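J.: One structure follows; several queries about it will come next.
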């Protein structure tokens, strides 16, 4: 059998290997469709926007990020009747709802923002276009001003989803641009002053099924830390540890 000393020496090697592998992942934990930009230095995610977690009154007052809360963002419904339902925010009647995501203390050296949304829509006869409708587009204002800058780039993606009410899977549909990514490059937009606070305002339609939002504050040239690549000597130690484990297992069989 392998001695306790050898076991103690091998375990840290496996732990280091696991950390190295985990350090390579850069997917977002807010929603499976989301990605976190490489130059993100603060991420705020809002998901599980359901009646089981929040109330309509809390949504109107403002709720804090519940995923990777690092940027201090607050999501607030500013008008309309969207309410926390069984699987997210929903509105049955009225003229749609407006929202804002606000940050009162932006990261130092902020150079850009990325805002992602996952909102299932169904254009059909209801004419629902989610955040892509002209009056619904996210707009940025900063430092207490009312600039309302439209994103410098936007990307839409059509993904299949499970319907709130029927529980049935709805296949990907070009008329359902449910995953949207909006990015603001401050320099490209002509912003020349340091941004110390900001808010992003947007709107949604009736019958839109709102599941998740994510906001990333970006600083050019800065990347999220990842685990360092092991030196050759580290690989040698890892292989030696694996060899000792295999030897111990072989001796136990005999």
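Residue numbers (mature numbering (1 follows the signal peptide of the UniProt record, and there is no 0)): -27 to -1, 1 to 227. Don't be surprised by glycine CBs; every beta carbon is placed ideally from N, CA and C. These figures come from a predicted structure and were not determined experimentally.
Note the first and the last residue of the continuous beta strand (DSSP E) segment covering residue 48.
T.: 47 to 52
J.: In this structure, does DSSP put residue 64 in helix, strand or coil?
T.: coil
J.: The beta strand (DSSP E) that contains residue 110, what's its start and end?
T.: From DSSP, residue 110 is part of no beta strand (DSSP E); its letter is neither H nor E.
J.: Strictly by DSSP, which residues pair up with residue 128?
T.: DSSP output for residue 128 lists 154 as bridge partner(s).
J.: Hey, residue 3 and residue 156: beta-carbon distance below 7 Å or not?
T.: no
J.: Within the same chain, show all residues whose beta-carbon is closer than 6 Å to that of residue 77, passing over the 5 residues directly before and after it, in chain order.
T.: 170
J.: Since residue 182 is in the beta strand (DSSP E), which residue starts that stretch and which ends it?
T.: Counting along the chain, residue 182 sits inside the beta strand (DSSP E) bounded by residues 182 to 191.
J.: May I ask you to report which of helix, strand or coil DSSP gives residue 34?
T.: Helix, per DSSP.
J.: Does the distance from the C-beta atom of residue 69 to that of residue 151 stay below 7 Å?
T.: no
J.: Contact defined as beta carbons within less than 8 Å: I believe residue 269 pairs with residue 181. What is the distance between those atoms, to the nearest angstrom?
T.: A query on residue 269 cannot be resolved here, the shown segment of the chain reaching from -27 to 227 and no further.
J.: Nearest by alpha-carbon distance to residue 233: which of 56, 120, 24 and 166 is it?
T.: Only positions -27 to 227 of the chain appear in this structure, which leaves residue 233 out of reach.
J.: Would residue 228 be called buried (16 or more neighbouring beta carbons within 10 Å of its own) or exposed?
T.: Missing from the structure shown is residue 228; the chain here goes from -27 to 227 and no further.
J.: How big is the Cα-Cα spacing for residue 144 and residue 44?
T.: Answer to the nearest angstrom: the Cα atoms are 34 Å apart.
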